[in-house]
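In my numbering, the protein residues as written are -12 to 249.
Note that beta-carbon positions come from the ideal geometry of N, C-alpha and C, so glycine has one too.
Please read all numbers here as calculations on a predicted model, not as lab measurements.
To start, the structure itself, in C-alpha cells.
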Amino acid sequence: MINVYASDSFNERASKLLDWDLAPEVITSLMCVIIIIILTIIIGCQATYHRKHHPYKKTKGLLYLGEFGVTYFDNMVEDMMGPKFKGFGGYIMIIAVYLFLAFIFGLTGLPSPMTNLAVPLTFGLSTFVMIHATSFKFKGWRYFKRYIDPNPVFLPINLISMWSPLISLTCRLFGNAISGWVLMSIVYYALESLSDMIFGGVLAAGLSSIWIAPFIAPALHCYFDLFAGFIQTTVFIFYSQIMIGREGPEDAEEKLSLEGGH
-12 MINVYASDSF
-2 NERASKLLDW
8 DLAPEVITSL
18 MCVIIIIILT
28 IIIGCQATYH
38 RKHHPYKKTK
48 GLLYLGEFGV
58 TYFDNMVEDM
68 MGPKFKGFGG
78 YIMIIAVYLF
88 LAFIFGLTGL
98 PSPMTNLAVP
108 LTFGLSTFVM
118 IHATSFKFKG
128 WRYFKRYIDP
138 NPVFLPINLI
148 SMWSPLISLT
158 CRLFGNAISG
168 WVLMSIVYYA
178 LESLSDMIFG
188 GVLAAGLSSI
198 WIAPFIAPAL
208 HCYFDLFAGF
218 IQTTVFIFYS
228 QIMIGREGPE
238 DAEEKLSLEG
248 GH
C-alpha cells in the first residue's frame, strides 16, 4: 500500500527545495555565467570546425575575438608576472570577461551583480587564495616566515595585514559599483520628477515621467557602466597579477644581479 502521507511529505520537501529565495543580483550573476558558458561553447565548436576543415583560413567573428583574447591575456600575464606563470592567462581572462560583463549588466535594466557584496567578495577571495596558494607552492614551509618577519613580536600585525588585499579589492569593486548605482538612481528620480513637472499637465499619469531621461541617462550610463566597468576590471586584474606574481620565485637574472651588486 502506498503511504499517502509519506508522498505528501516528499512533495512538500521537494517544493521547499525548489523554492529558492535568491537575491536579484545572484540571479543576474548566474545569467552572466550562463552567457559566458554559451559563448565558450560556441567559440570551442567554431575552433574545432575551423581546425578540421579550414586550418589555413583566417579566423573571423567570435573565433577571432576568442583567439585575440587568449593571445592578449597570455602575453599580458607573461609580461607582468613572468614566464613562470605561463598558462595563467586563462584564469585572468575569464575573471576580466565576467567582471566587465557584470559591470555593464545594468544597461539591460536588471541589477548589476556587482551591487551585491557577495559577488565582489568572491572575487576578492579568489585573488586572496591565489596569493597564498602561489606563495606556498613556490616557497613551501618558508611561506609561514612572513608572519614572524622581521621579528616574532610582529605576528599579530602581520596576521592583520594579511587580509588587506582581500579588503582592498572587495571594497574597490563594491564601492564603485554601488556608488554608480546610487548616483544613477538619484539621476533617474530627478529626471522623472522634472519630466512630471513639465509634462504632468499635458500627458496622462505614468507617461509624463519618461520623456527626459532617455536624452540624458545614456551618456551617464556610458560613464558609470561602460567606462567605469572597464577601468575597474582593468585595475582588478592588474592588482591581482601584481599581488600574485610577487609571490613567485625570483628569476635567475634577478638573483644574479643581486649577487653581483653585493
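- Distance between Tyr43 and Phe60, taken at the CA atoms: about 24 angstroms.
- In this structure, Thr102 keeps its C-beta atom at 8 angstroms or more from the C-beta atom of Trp150.
- The Cβ atoms of Phe92 and Thr15 lie closer than 8 angstroms to each other.
- Distances from the CA of Val222 to each of Val174, Leu160, Phe202, Ile199 were compared; the closest alpha carbon is that of Leu160.
- For Phe75, the secondary structure class from DSSP, reduced to helix, strand or coil, is coil.
- DSSP places Cys209 in no alpha helix (DSSP H); its state is neither H nor E.
- Per DSSP, the unbroken alpha helix (DSSP H) holding Pro107 starts and ends at 105 to 126.
- Under the three-state reduction of DSSP output, Gly235 falls in the coil class, being neither helix nor strand.
- Minimum Cα-Cα distance from Thr220 among the listed residues Gly76, Leu88, Leu50, His41 corresponds to Leu88.
- In this structure, DSSP gives Lys132 a helical state, which the three-state scheme calls helix.
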